[in-house]
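Residue numbers (the working numbering): 1 to 63.
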């Protein structure tokens with residue numbers, strides 16, 4: 001069984017389509033005006049999440 005707490009999922013949050021370098025399902029369009037917020041919903045979370053022993057990774061700004 002995969003240890004999903006150490007899995008990495010790359011998402012791209014940006015205004016314009018990032019093109020073929022990013023899978024279509026990994027692009028989350030954001031509004032052109034600032035600010036915006038990102039939320040994470042966990043469905044059927046593992047016990048480690050319920051015990052508050054896990055935090056999602058930070059968002060990283062790439063320019």
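Just so it is clear, CB atoms sit at the ideal spot from N, CA and C, and this is done for glycine as well.
Quick caveat, the model's predicted, so the values are computed rather than measured.
For residue 26 and residue 11, believed in contact at Cβ under 8 Å, the rounded distance: 5 Å
Same chain only: Cβ atoms within 7 Å of residue 38, ignoring 5 sequence neighbours per side: 13 and 59
Extent of the continuous alpha helix (DSSP H) to which residue 35 belongs: Here residue 35 belongs to no alpha helix (DSSP H), and DSSP marks it neither H nor E.
Beta carbon of residue 29 nearer than 7 Å to that of residue 40: no
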